[in-house]
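This report refers to the structure that appears directly beneath it.
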Amino acid sequence: MIDLAQLRREPDVVKSALARRGVSSSTMDEIELLDVEHRRLLQEAEALRAQVKELSRRVGDARRAKDTVTAEELTEKSRVVGDEERAASEATDAVALKLRSLLLMIPNLPDSRVPDGADENDNVELRRWWVGMHEGAPFPTYEEHQRVPHWEIGTELGILDMESGAKIAGSMFPLFRGAGSKLLRALSSLSLDKNAGEYEEIRPPTFALTETMMSTGHLPKSADDMYSIERDGLWAIPTAEVPLTSLRRGDILDPATLPLRLCAATACFRREAGAAGKDTRGLLRVHEFDKVELFAYCLPEQSDEAFNDVLQRAEAVLQALGLTYQLLELCTGDLGTASAYTIDLNVYSPGVDRWLEVSSVSWFRDFQARRANVRYRAPDGSTALVHTVNGSALGWVRIWAAVVETYRQADGSITLPQALAPYFGGERTIRARS
RNA sequence: GGAGGGAUGACAGAGCGGACGAAUGUACCGGUCUUGAAAACCGGCGUGGGCUUGCCCACCGUGGGUUCAAAUCCCACUCCCUCCGCCA
């Protein structure tokens, strides 16, 4: 949620920043008007409320003094003011509700670094990485045997079975078998082993309450992209960011404990409602995938460092796996609702010959903290909102695709990167099941 | 799933229609005393909102209701504890 106080203080700054994201100034004007109206009504209602309280106090006094006549008079007076107060409060609440529902749909202010753009095609590539790059090696070329899409490799080796997944849960729910299943587990373990020292490992619930989904900004705006279990009022999490952001919801944190770093491996669920039929072959886009998420609550002045740490750790996993990747600075048109600045990591997968998004590292400023009400105690005793930062390290389904395509050998087997060997008992080769 | 008990400030815990934003204790922060510390004593010590910055308003699990007046009474819900059942 954006800062109403900032909108009052510097409306032009807020409006021009949000205009870059397509929020019309008339919407913002409406918010400003509602805010003024709300405060006016609030003052009115509170003044009446104060009168009722005062009158009630005097009723009590009169009763104790056995002055029944005065007590009756004051009761009657208070009843009348009370009716006015009720009406005034209702009017105030109605405006507050309208204001809040509008505010919940307003995205975060983009950082000045965010490039302008309409959609993902306008994202800006910052740099690439590939094996041997720092030693002067040219961008890799790929052999014919690496130009096979992962769904063919998966079927050939018996490690991926999309048909069975569809039989059980419908299309876009993958099912992994044997070494394919183990590979997924190995990837999560590799990342957790690299990060769980500095980032406390959490295994959160996979489902979350509406209130929890509100805190990250996923609701109400993205309700169609989420699976819900209506009978129990629960939502399937689209990312571990959701439970991790709410872990300290409503708390006032001791600044000495900041940055507070957390990581979690969870299943993630996405309906992909607007993406029907688009890039949906194999593992390119699925409804359920495993992901390791890195997360930090921090002081505002720590946010740059916290962001860079998450980014560097996500890169470290890609580098350990020897995969080619690029960094994209997301433009205004592709930025997530709650984010002020995001860098995506896309892995190059030679079999499908595409760059696949495997991580999104975001700085939310105090947008999520305001919704989740997570604060810290400043040295002068006052409280202020923390900043939140998070990023995937990484989304494994697409990494799985990139690994099997990149490391496919001429004989059709896969030779896993050295970093995964410990998770396969030292064995690095995946062959067809006989 | 069944029966009972509970939810109050950082923590413990009182209050069970009116002067209660809330006793008391612990913790914490200042001060006195002390060579220093401890103890003792004195003072302070929740969060948010509004505006005329001194006042007002809200918050005692959540949401409704009764009342001139609700932490306190009523209803619903959520969570926690104990016992029984079931289960991994």
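Residue numbers (my numbering): -9 to 424. Virtual Cβ for every residue (Gly too), placed ideally from N, Cα, C. If you're wondering where the values come from, they're calculated on a predicted model, not measured in any experiment.
Tell me whether residue i is buried or exposed, calling it buried when 16 or more other Cβ atoms sit within 10 Å of its Cβ.
i, result
"P164", "buried"
"P233", "buried"
"P210", "exposed"
"A263", "exposed"
"H124", "exposed"
"N111", "exposed"
"K281", "buried"
"P128", "exposed"
"I333", "buried"
"A368", "exposed"
"V70", "exposed"
"I143", "buried"
"T235", "buried"
"S6", "exposed"
"G170", "buried"
"S205", "buried"
"A78", "buried"
"R429", "For residue 429 there is no data in the structure shown, the boundaries of the chain being -9 and 424."
"V59", "exposed"
How about residue i and residue j: are their beta carbons less than 9 Å apart?
i, j, result
"C321", "D73", "no"
"M18", "V4", "yes"
"T378", "P340", "no"
"L430", "P97", "The shown model of the chain, from -9 to 424, leaves out residue 430, and the question about it has no answer."
"R423", "G148", "yes"
"A61", "V49", "yes"
"Y413", "K172", "yes"
"Q316", "W119", "yes"
"A198", "E283", "no"
"G385", "C258", "yes"
"N113", "L301", "no"
"V342", "G272", "yes"
"G323", "G12", "yes"
"H140", "V337", "no"
"P228", "S212", "yes"
"A153", "C253", "A small correction: the amino acid at residue 153 is Glu; Ala does not occupy that position in the sequence shown. No, the pair does not count as a contact, with Cβ atoms beyond the cut-off."
"E(-9)", "L94", "The residue you asked about is not Glu; residue -9 is Met in the sequence shown. Cβ distance < 9 Å, so M(-9) and L94 count as in contact."
"A296", "G207", "no"
"A304", "A383", "yes"
"T256", "T314", "no"
"A391", "L237", "no"
"L45", "K67", "yes"
"M216", "R261", "yes"
"E0", "A35", "no"
"L346", "R398", "no"
Looking at the structure shown, is residue i part of a helix, part of a strand, or coil, going by DSSP?
i, result
"G385", "strand"
"I21", "helix"
"Q399", "coil"
"F354", "coil"
"T270", "coil"
"A391", "helix"
"Y189", "coil"
"D222", "helix"
"A52", "helix"
"Y338", "strand"
"L28", "It is worth fixing the name first, because residue 28 is His in this sequence and not Leu. H28: helix per DSSP, three-state reduction."
"S91", "helix"
"K281", "strand"
"S349", "strand"
"L406", "coil"
"A40", "helix"
"V364", "coil"
"V379", "strand"
"R275", "coil"
"L209", "coil"
"R429", "An answer regarding residue 429 cannot be provided, because it is not within the stretch -9 to 424 covered by the chain."
"A78", "helix"
"T196", "coil"
"A422", "coil"
Taking 8 Å as the line, does the beta carbon of residue i fall inside it for any heavy atom of the ligand ADP?
i, result
"R365", "This structure lacks the ligand ADP, and indeed carries no ligand of any kind."
>> Is it the case that the region 361 to 374 contacts the region 303 to 312, given that we only count it when at least three CB pairs across the two stretches are under 8 Å?
In response: no
> So, do the region 68 to 83 and the region 96 to 106 have three or more beta carbon pairs nearer to each other than 8 Å?
Replying inline: no
> If you scan the region 94 to 180 from start to end, which runs of the alpha helix (DSSP H) of 4 or more residues do you find wholly inside it?
Replying inline: 140 to 147 and 152 to 159
>> Does the region 218 to 227 come into contact with the region 178 to 190, if we say contact requires no fewer than three beta-carbon pairs (one atom in each stretch) closer than 8 Å?
In response: no
> So does the region 346 to 360 actually touch the region 149 to 160, counting three or more Cβ pairs closer than 8 Å?
Replying inline: no
> Where in the region 286 to 333 do unbroken runs of the beta strand (DSSP E), each at least 3 residues long, occur, reported from the N-terminal end onward?
Replying inline: 315 to 319
> Between the region 246 to 257 and the region 122 to 141, do at least 3 Cβ pairs fall closer than 8 Å?
Replying inline: no
>> What ranges does the alpha helix (DSSP H) occupy inside the region 229 to 263, keeping only unbroken runs of at least 4 residues that lie completely in it?
In response: 231 to 236
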